[in-house]
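The opening position of the sequence shown corresponds to residue 120 in our numbering, with each subsequent residue numbered one higher. Where is the CB? At the ideal position from N, CA and C, for every residue including glycine.
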Amino acid sequence: MTAVAVLAALAASPGLAQAEQPHQPGPLSATDDSPLPPGWRIDGEGGARELVWRAPKAVPMGDARVEFRTGDRLLGVPKPARDGRTFRLALDEALPKKLAGLQVTAAGRRLDAAADDTHKSGSRGARMPAQAPANGVDPGKPGSYRTVTGEYDLDPVRLPGFDTPVEMTAKVVAPKGATGSRPLALFLHGRHDTCYKPGSEDDVTGDWPCADGYKPIPSYLGYLRDQQLLATQGYVTVSISANGINAQDWEPEDAGAQARSSLVRQHLARWADWTAHRSSAPAVVREAAKADLSQVLLVGHSRGGEGVNRAAMDSLYPPPAAEDGYRGPVRWKVRGTVLIGPTIFGQNPVADVPSVTLLPGCDGDVSNLQGEDFVDGTRGISRGTALHSAVYMVGANHNYFNSEWTPGEAVAPAMDDFGTDPEQPDPVCTPGAPTRLTAAQQHKAGATYIAAAARLFLAGDDRVRPLLDGSGKRAPSADPARVLTHAVGGRRSGGFLPDGGAKVTGARLCSAIDPDPAVACLDPETLGSSPHFASWETEQETGRSAVDLKWSAPGTAARITPAKPLSLRGSQKLALRVFVPPNTTGTKFDVSVTDSSNRRVTLGSVQVDGLPGSVNTASYWAQELRVPLSAATRTGLDLRHVKSLGLTPRSQSGRAWLMDAWGWAPGTLAVKAAALPRVDVGRTIVKEGDSGTRTYRIPVEISGHGSGQVRVYVLDPEGGPAENRLVTVRPGSDGIDVPVEVKGDTVYGDDVEHDIAVKAVHNAVVGKHRGGLTVENDDPEPVITLSPVVDRVTEGEALTWRMSVDAPTAVEIWQPVRVLPVTEGAELSTKDVDPQWLQEWSGDVPDPERPLSDANLWMWLNIPPGSTSVDFVVPTVRDQVVEPTESMRLALTDRNAEPLPDRPVLTGTVLTGTVLDKP
């Protein structure tokens, strides 16, 4: 499911009923010049303050994280409430200073944006890519093996950080009667609703276990067709259930990646036991062909993709024992992974395990296609022999790879995650558009490419590699899907990378992530986005670059010169990964190389068309373009010392971005994982204390072997730019040493998080990428009171109450008050108060005239840091109406607008300004 499928509905819905949402007035808002937007409030009870956003409609449970941001800066990941509409983020003491520009996003897409902002159309029409020539081998064709199908349901397991045990349930589809041991493919589904009420159209929950009257949603059964195809080809397959993780993964900082890895390895350990002792295995396992645990393929969908990536990592580089849910021996070998529309919140792929990443062009959940980092993020990390392929599937959404997430096939309520605004249909992804796949077409294409990965990584059949490595071949079984691929690793060599000190002339070296539009590769106003530039933890990153080419006339070369010459010896072609704006056509370049003796040779020309795209798609995606190196060989150019790459536009005008270029040769190399150090960032929680200063250090565990480099980002708790530095790490060292000074006080404040985020750069892996030191406030919450200042006035004067705290605080204090109906006598009406005041505080208007308590006056008052009070002023108006004495009642309330039981309800009285007895 998706956090953004209801984007159009959210944007088009009317504002929240004011009885449900307190109004944030301009005069007493988070900042004087930037009040909290509609739908937001600051809440809290018992000393814990929270930033709260409430959506107009329930946001379906999905794989993309719902995130709170101020501009490009990540504030945090809020906790969802059971209603699916309310999201809460605990505040630290710096937050009130920086609440301007609040946004709610999921995978880079706004959830709180207006419809007009999220459905702009591009100026060019979407075009279907040309059909590629067929590959010689089609892995989508069923094999000859008979199959057996069944399930097992073992005792649940307890995983660190989770209160509720997680199920050990799985579906097995395997060859029957096959001789010898057969490779094993394990499937892990993504984050989805966990329970449903039979017979209902939309009654789903994220509970676990399911409540009475509800049944588990069998997400693990959604890959039966994929399993059946693989089983006929001779693979043992198992698809495991992870509802227990989905119901609890909002709490861990890694969104459940470590828990999913633990669950995968728990199942693999059982299979290892059953292989050694067949009599102890469940019936379906005994009936199936014997599994070969030295040949394992892990297939993960969405958060399951990130989970199996972590399982592959943990199988090579063990995680910290305290956080691991499996501590036994590794009796299997992961030969590859398939990652379907995956998340990668940590941007920490495993470089030495081959991978295929399916990127759905109409993904409405993980809509920024951040899984591209499973390819891009492996460059330069390790030996570079593992093939990492990206498979871009035009017209595929997120959910339809799983039949239990597909309307008409699922037993539980299901939906198209892309979401469509009927009034402004998306030109690429609206169902029925020429570029959009049906559910059946998409699932069949997905199964074909999963089978291609199995055949390459497990069976070692290099004949299917052209389907995955950017060679531009297609599998007819996937028709009519248009599928494009590119790759890094394998038999690629050299590497013209924009990072690492490369110099660029005739074009611009740009940054993937930077708040400055002059530095960023894509302007923030660009319609659509690029998977290559998916955001991470910081608003600016070092070492993620591309080359931005822009020209208004042909003929001027862009030249990329790496820090030292590269060797392309042994390569047949030069493979470039280049993208152009979506829906453009006919962009042409001449490609040249220059050796260290300044001999320059034009290798040939390439042409590229943009992918079908819209404002809602991540279609700025690089295609692989190849030119032969034969011209360089004929002319005697020294391919062992190539010092620069040249791209000369031949189109009249245009724009293009170069991600990298490599020497390419056919074939697949044997992959052996390097012994690398592993970094995991922990979290320490301390009390601030009442006095003195203490220094703590952020906990970082470095395990494994060897020496490597990582980049450490020290995040500013005040919201400023992060500092970063390149650090050499080795097991047992304290290379990542981040001290935090904590000053004690007796002033009430908020908890403060001093965090770091870590990313691998070279010869290292990163498990838990973010952590830090949480400093807990240990001072009592102030006592808040409401008292009258002027509570008896004549028409035209102002009633005034004062909200006070018994001591100054280090943070803003937000407290709601509500106008209640009077219990006796006449009540002030909407026409008895200043109309501008009414508009500012309630968003309401005087007409039709009604009691003031009916005007949605539930408001949050704010006492600034260091102050002890704020006045609430109600200006009345003088009129010529003969009326009796009127009053209004005001009370402090809880977060549900109910008056606090231990606080008085105050009354203000307004005397008529009209003389009743004129002589």
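Check                                                                                                               : Outcome
Residue from Ala737, Pro1020, Ser474, Gly591 with nearest C-alpha to Arg254                                         : With the sequence shown as reference, residue 254 is identified as Asn, and Arg is not the correct amino acid for it. The residue with the shortest Cα to Cα distance from Asn254 is Gly591.
Nonlocal neighbours in the same chain, by C-beta distance under 6 Å from Asp373, ignoring five residues either side : Lys887
Member of Gly203, Leu435, Leu603, Trp781 whose CA lies at the smallest distance from the CA of Pro617               : Trp781
Under 9 Å between C-beta atoms of Val992 and Met1007                                                                : no
Range covered by the beta strand (DSSP E) that runs through Gln934                                                  : 932-939
Thr736 beta carbon less than 9 Å from that of Val547                                                                : yes
Buried versus exposed, by CB contacts within 10 Å (16 or more), Arg997                                              : exposed
Cβ separation of Pro258 and Val583, assumed to be a contact under 8 Å, to the nearest whole Å                       : 5 Å
Simplified DSSP state of Phe187, which is helix, strand or coil                                                     : strand
Straight-line Cα distance separating Ser690 from Pro199                                                             : 52 Å
N- and C-terminal bounds of the alpha helix (DSSP H) containing Asp392                                              : 376-395
Segment limits, alpha helix (DSSP H) that includes Ile359                                                           : Here Ile359 belongs to no alpha helix (DSSP H); instead the beta strand (DSSP E) covers 355-359.
Residue burial classification, Val831 (beta-carbon count within 10 angstroms, cutoff 16)                            : buried
Terminal residues of the alpha helix (DSSP H) in which Tyr568 lies                                                  : 558-576
Minimum length 3: unbroken beta strand (DSSP E) runs contained in the segment 958-996                               : 977-982, 988-994
Helix, strand or coil at Thr351 [DSSP, three-state]                                                                 : helix
Where the alpha helix (DSSP H) through Met432 begins and ends                                                       : 422-435
Three-state class that DSSP yields for Gln250 in the structure shown                                                : coil
DSSP beta-bridge partners of Ala694                                                                                 : Arg745, Trp781
CB of Trp393 within 9 Å of CB of Val383, strictly                                                                   : no
Selection from Ile982, Gln466, Asn1015, Pro634 that minimises the alpha carbon distance to Thr189                   : Pro634
C-beta contact flag for Tyr339 and Ala289 at 9 Å                                                                    : yes
Sheet register partners of Gln414 (DSSP bridge)                                                                     : BP columns for Gln414 are empty, so no partner.
CB-CB length for Leu668 against Leu766, believed under 8 Å                                                          : 7 Å
Simplified DSSP assignment, three categories, for Trp776                                                            : strand
Ile932 vs Asn896 beta-carbon contact at 9 Å                                                                         : no
Three-way DSSP call (helix, strand, coil) for Trp956 in this model                                                  : helix
Buried or exposed by the 16-neighbour rule on C-beta atoms within 10 Å, applied to Glu186                           : buried
Gly460 to Gly851 span [Cα, whole Å]                                                                                 : 36 Å
Rounded distance between the beta-carbons of Cys640 and Trp776, thought under 8 Å                                   : 6 Å
Gly145 versus Gly609 - alpha carbon distance                                                                        : Annotation note: pLDDT 36 at Gly145 (below 50); position unreliable, coordinate value reported separately. Straight-line Cα distance between these residues: approximately 59 Å.
The alpha helix (DSSP H) enclosing Ile364, as first and last residue numbers                                        : 362-365
Same chain, Cβ closer than 7 Å to Pro599, five either side skipped, listed in chain order                           : Gln560
Nearest to Pro1020 (by Cα), restricted to the options Thr904, Val909, Gly490                                        : Thr904
Inter-residue spacing [alpha-carbon to alpha-carbon] between Thr752 and Val607                                      : 24 Å
Rounded straight-line distance, which links the Cα of Gly1027 to that of Val909                                     : 8 Å
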